[in-house]
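Asker:
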Amino acid sequence: MPDEHGMSMIPGESLLDPELQQSVILTKVQWVKDWGRRHALWPMAFGLACCAMEMMATAATKYDLDRFGAGVFRASPRQSDLMIVAGTLSHKMAPRLRRLWEQMPDPKYVIAMGACVIGGGPYSKFGYHVVQGVDLVVPVDVYLPGCPPRPEALIDAIRKLQFRIQERSGETLPDMPQGLPQDPTDEDGEETSAA
Amino acid sequence: MAEPSDSPVAAAADPVTAKALEALQAALPDAVVDSVLTGQHPWIQVRAQDLRATCRLLRDDPALRYDCCHLISAVDFPAPTEGEPHIDVVYHLVSYVVRPEASYAKRAEKNDPFLAIKVSLPREKPEVPTVLDIWIGADWHERETWDLMGVRFTGRAELPRILLPEDWPGHPLRKDWEFPASYHGVPIIPPEGL
Chain L
0 MPDEHGMSMI PGESLLDPEL QQSVILTKVQ WVKDWGRRHA LWPMAFGLAC
50 CAMEMMATAA TKYDLDRFGA GVFRASPRQS DLMIVAGTLS HKMAPRLRRL
100 WEQMPDPKYV IAMGACVIGG GPYSKFGYHV VQGVDLVVPV DVYLPGCPPR
150 PEALIDAIRK LQFRIQERSG ETLPDMPQGL PQDPTDEDGE ETSAA
Chain S
0 MAEPSDSPVA AAADPVTAKA LEALQAALPD AVVDSVLTGQ HPWIQVRAQD
50 LRATCRLLRD DPALRYDCCH LISAVDFPAP TEGEPHIDVV YHLVSYVVRP
100 EASYAKRAEK NDPFLAIKVS LPREKPEVPT VLDIWIGADW HERETWDLMG
150 VRFTGRAELP RILLPEDWPG HPLRKDWEFP ASYHGVPIIP PEGL
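As they're listed, the protein sequences go chains L and S.
The first sequence begins at 0 in numbering that gives the first Met the number 0 and counts up by one.
The second sequence begins at 0 in numbering that gives the first Met the number 0 and counts up by one.
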């Protein structure tokens, strides 16, 4: 049966004998993995400014992000696979964001939430301290405009990401952006840049 | 912003501020360069070398007791209409002893103005003695003024930046500050027509 988005729930369904369809389910391991993955996104709480208020509202009772399996906000990058960058990203913060993103296990996804993260927003032209788009630092999967976006919009972005995960099932990861920021405050001498 | 003459406060000089100016002129005859005592934000400009003596006097005089350094700000004049290029540092002072109203709105209601002490510094080498030992609250304000305007406060142990990273190029609120091409690999598109 194709679902409402035209994706077949059972690949190779039409090849099956009608009687066999009653008792046997055929699928691909990759498909099942992505199905589980898209319904259990664990976001990393990356609230940088006022957009974080909307992100919190989305996770709270009224909008209840848990309905979409994405309400388990983690405080550690090692436990999360979705980074919702919510708020104004400054140049001082950019190397830290990059480093936290690198600590997230693959596969990982990024939602750029709000005007500041997409392109600098109101600080784009004269704000000397704001990164003009988080896609200069990490690859972005879904851009969510608004200042700030309403919780409904964030839910929509997460749904879009879920469809994208399933549509791109089995594809390789996107290319890394050029120009990786180095962490200036790396005191323990670890290599922070990506390979 | 309304002209000072439109304001009911502007007609007469504020009595406490006038007292402060009198005390200053009595104790430090050469210190005061210029002053405007009317309006919601009267100011007295003093010479940079007399700043610390001025601040001590304003804090310790029993009739004045300016016990709080509310704010330190700076104004950049790269090409003034008269005189050399200079940077003004402005100290906004409040007395919670003589005038206990805390909020700006209530002060305006009761015609209780803030007092601003100004010093003018040469733009090539803006240096002013610290007032950290007079008002401990001046610490972060001095660091911010150094961070964004590049005013060096002398006589204190260290003067680290407060907001920007330590390796940030220059002081961005200077009028002639130029956007770097990139910062740690992240490109910066400078604004046009600046």
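Every residue, glycine too, gets a C-beta built ideally from N, C-alpha and C.
What is the rounded straight-line gap between the Cα of L:A111 and the Cα of L:Y142?
Answerer: Here residue 111 of chain L refers to the residue found at position 112 when the first sequence is read from its first residue. Here residue 142 of chain L refers to the residue found at position 143 when the first sequence is read from its first residue. Their Cα atoms are separated by approximately 5 Å.
Asker: Could you spell out where the beta strand (DSSP E) holding L:M112 opens and where it closes?
Answerer: Reading the first sequence from its first residue, position 113 is the one you call residue 112 of chain L. Counting along the chain, the beta strand (DSSP E) containing L:M112 begins and ends at Y108 to M112.
Asker: So S:H91 and S:H69 are supposed to be a Cβ contact under 8 Å. How far apart are they, rounded?
Answerer: On the second sequence, position 92 is the one that residue 91 of chain S refers to. On the second sequence, position 70 is the one that residue 69 of chain S refers to. With a Cβ gap of about 4 Å, S:H91 and S:H69 count as contacting.
Asker: Going by DSSP, what residue range makes up the beta strand (DSSP E) through L:K91?
Answerer: Taking the first residue of the first sequence as 1, we reach residue 91 of chain L at position 92. Counting along the chain, L:K91 falls outside any beta strand (DSSP E), and DSSP gives it neither H nor E.
Asker: Would you say S:Y182 faces chain L, with C-beta separation under 8 Å as the test?
Answerer: On the second sequence, residue 182 of chain S is found 183 positions in, with the first residue counted as 1. Chain L, which has a Cβ nearer than 8 Å to the Cβ of S:Y182, makes this yes.
Asker: Sorted by chain position, which residues of the same chain lie with C-beta nearer than 8 Å to L:Q131's C-beta, five sequence neighbours on each side aside?
Answerer: On the first sequence, position 132 is the one that residue 131 of chain L refers to. Within the same chain, Cβ atoms closer than 8 Å to the Cβ of L:Q131 are found at G118, G119 and S123, the five residues on either side in sequence being excluded.
Asker: When we look at the beta-carbon of S:E2 and count the other beta-carbons within 10 Å, is it buried (16 or more) or exposed?
Answerer: The residue you call residue 2 of chain S lines up with position 3 of the second sequence. Residue placement at S:E2 is flagged as unreliable, the pLDDT there being 46, under the threshold of 50; a coordinate-derived value is accordingly withheld.
Asker: Tell me, please, which residues DSSP counts as bridged to L:P17.
Answerer: For the purposes of this step, residue 17 of chain L is identified with residue 18 of the first sequence, where counting begins at 1. L:P17 is bridged by DSSP to nothing; it lacks a bridge partner.
Asker: What are the start and end residues of each continuous beta strand (DSSP E) run of 3 or more residues lying completely inside the segment 50-89 of chain S, in chain order?
Answerer: Within the segment 50-89 of chain S, the complete beta strand (DSSP E) runs of at least 3 residues are 67-76.
Asker: Beta-carbon within less than 8 Å of L:T57's beta-carbon, same chain only, minus the 5 sequence neighbours each way: which residues are those?
Answerer: For the purposes of this step, residue 57 of chain L is identified with residue 58 of the first sequence, where counting begins at 1. Answer for L:T57: L64, P150, L153 and I154, listed in chain order.
Asker: Indicate the three-state DSSP secondary structure (helix, strand or coil) for S:R122 in the structure shown.
Answerer: The count along the second sequence starts at 1 and reaches residue 122 of chain S at position 123. In the structure shown, S:R122 sits in coil (DSSP, three-state: anything other than H, G, I, E or B).
Asker: Are L:V129 and L:L88 closer than 8 Å when you measure CB to CB?
Answerer: Locating residue 129 of chain L in the first sequence gives position 130, where the first residue counts as 1. Locating residue 88 of chain L in the first sequence gives position 89, where the first residue counts as 1. Yes, these two residues count as a Cβ contact at 8 Å.
Asker: If we ignore side chains and look at the alpha-carbon of each, how far apart do S:E108 and S:P99 end up?
Answerer: As a first step, residue 108 of chain S is located in the second sequence; it is residue number 109 there, counting from the start. As a first step, residue 99 of chain S is located in the second sequence; it is residue number 100 there, counting from the start. Rounded to the nearest angstrom, the two C-alpha atoms are 13 Å apart.
Asker: Check whether chain L comes within 8 Å of S:F113, counting only Cβ atoms and requiring the distance to be less than that.
Answerer: Here residue 113 of chain S is taken as the residue at index 114 of the second sequence, counted from 1. It does not: the Cβ of S:F113 has no partner Cβ on chain L nearer than 8 Å.
Asker: Please check if any C-beta of chain S sits within less than 8 Å of the C-beta of L:Y142.
Answerer: For the purposes of this step, residue 142 of chain L is identified with residue 143 of the first sequence, where counting begins at 1. Not one chain S Cβ lies under 8 Å of L:Y142.
Asker: Could one say the Cβ of L:P94 lies closer than 8 Å to chain A's Cβ atoms, at least one of them?
Answerer: Among the protein chains in the structure shown, which are L and S, there is no chain A.
Asker: Taking 8 Å as the CB-CB limit, is L:Y122 close to chain S?
Answerer: Position 123 of the first sequence, counted from the first residue, corresponds to residue 122 of chain L. With 8 Å as the cut-off, L:Y122 does not count as an interface residue toward chain S.
Asker: What residues from chain L crowd round S:I86, counting only those whose CB sits closer than 7 Å?
Answerer: Numbered from 1 along the second sequence, position 87 holds the residue referred to as residue 86 of chain S. Those do not exist, as S:I86 stays about 18 Å from chain L at its closest Cβ, beyond 7 Å.
Asker: Identify the contact partners of L:L196 in chain S, using a Cβ-Cβ distance below 9 Å as the criterion.
Answerer: Here chain L covers residues 0 to 194 and nothing more, so residue 196 of chain L does not appear.
Asker: Determine which residues share a DSSP beta bridge with S:P186 and list them.
Answerer: Looking up residue 186 of chain S in the second sequence gives position 187. BP columns for S:P186 point to S:S181.
Asker: Quick one: list the residues of chain S neighbouring L:V130, beta-carbon separation under 8 Å, in chain order.
Answerer: Looking up residue 130 of chain L in the first sequence gives position 131. Chain S residues near L:V130: V185.
Asker: Between the C-alpha atoms of S:S181 and L:H90, what's the straight-line distance to the nearest angstrom?
Answerer: By one-based count along the second sequence, residue 181 of chain S stands at place 182. By one-based count along the first sequence, residue 90 of chain L stands at place 91. When rounded, the distance between both Cα atoms is 10 Å.
Asker: Indicate whether L:R77 and L:P104 have their beta-carbon atoms separated by less than 8 Å.
Answerer: Indexing the first sequence from 1 puts residue 77 of chain L at position 78. Indexing the first sequence from 1 puts residue 104 of chain L at position 105. Between L:R77 and L:P104, the C-beta gap is smaller than 8 Å, which places the two residues in contact.
Asker: So what's L:K124 in DSSP terms, helix, strand or just coil?
Answerer: One-based indexing of the first sequence puts residue 124 of chain L at position 125. L:K124 falls in the coil class under three-state DSSP.
Asker: I'd like to check one pair, S:P79 with S:K174: are the Cβ atoms closer than 8 Å?
Answerer: To locate residue 174 of chain S, count along the second sequence from 1; it is residue 175. To locate residue 79 of chain S, count along the second sequence from 1; it is residue 80. No.
Asker: For chain L, find out if any of its Cβ atoms is closer than 8 Å to the Cβ of S:P128; answer yes or no.
Answerer: Numbered from 1 along the second sequence, position 129 holds the residue referred to as residue 128 of chain S. For S:P128, no CB of chain L lies under 8 Å from its own CB, so it is not counted at the interface with that chain.
Asker: Measuring straight from C-alpha to C-alpha, what distance separates L:D33 and L:A69?
Answerer: Taking the first residue of the first sequence as position 1, residue 33 of chain L is located at position 34. Taking the first residue of the first sequence as position 1, residue 69 of chain L is located at position 70. Distance between the alpha carbons of L:D33 and L:A69 is about 14 Å.
Asker: Leaving out five residues on either side along the sequence, give the residues of the same chain with a beta carbon under 8 Å from the beta carbon of S:P28.
Answerer: For the purposes of this step, residue 28 of chain S is taken as residue 29 along the second sequence, with counting starting at 1. Excluding positions up to five away in sequence, the list is empty.
Asker: For L:P204, name the three-state secondary structure that DSSP assigns.
Answerer: Residue 204 of chain L falls outside the range modelled here, since chain L spans only 0 to 194, and no answer is possible.
Asker: Quick check on S:R151: does DSSP put it in helix, strand or coil?
Answerer: Translated into the one-based positions of the second sequence, residue 151 of chain S becomes position 152. If DSSP states are grouped into helix, strand and coil, S:R151 belongs with the strands.
Asker: Indicate the three-state DSSP secondary structure (helix, strand or coil) for L:G46 in the structure shown.
Answerer: Within the first sequence, residue 46 of chain L is the residue found at index 47, counting from 1. Three-state result, L:G46: strand.
Asker: Compare the beta carbon distance of S:V89 and S:A73 with 8 Å and say whether it is the shorter of the two.
Answerer: For the purposes of this step, residue 89 of chain S is taken as residue 90 along the second sequence, with counting starting at 1. For the purposes of this step, residue 73 of chain S is taken as residue 74 along the second sequence, with counting starting at 1. Cβ atoms of S:V89 and S:A73: closer than 8 Å.
Asker: Find out if the Cβ-Cβ distance for the pair S:E83, S:P121 is shorter than 8 Å.
Answerer: Taking the first residue of the second sequence as position 1, residue 83 of chain S is located at position 84. Taking the first residue of the second sequence as position 1, residue 121 of chain S is located at position 122. Yes. Within cutoff.
Asker: Closer than 7 Å by C-beta to S:D138: which residues in its own chain qualify, once you throw out the five before and the five after it? Chain order, please.
Answerer: Position 139 of the second sequence, counted from the first residue, corresponds to residue 138 of chain S. Excluding sequence neighbours, S:D138 sits near L131.
Asker: Hey, L:V137 and L:R97: beta-carbon distance below 8 Å or not?
Answerer: Counting from 1 along the first sequence, the entry for residue 137 of chain L is found at position 138. Counting from 1 along the first sequence, the entry for residue 97 of chain L is found at position 98. Contact flag set, yes.
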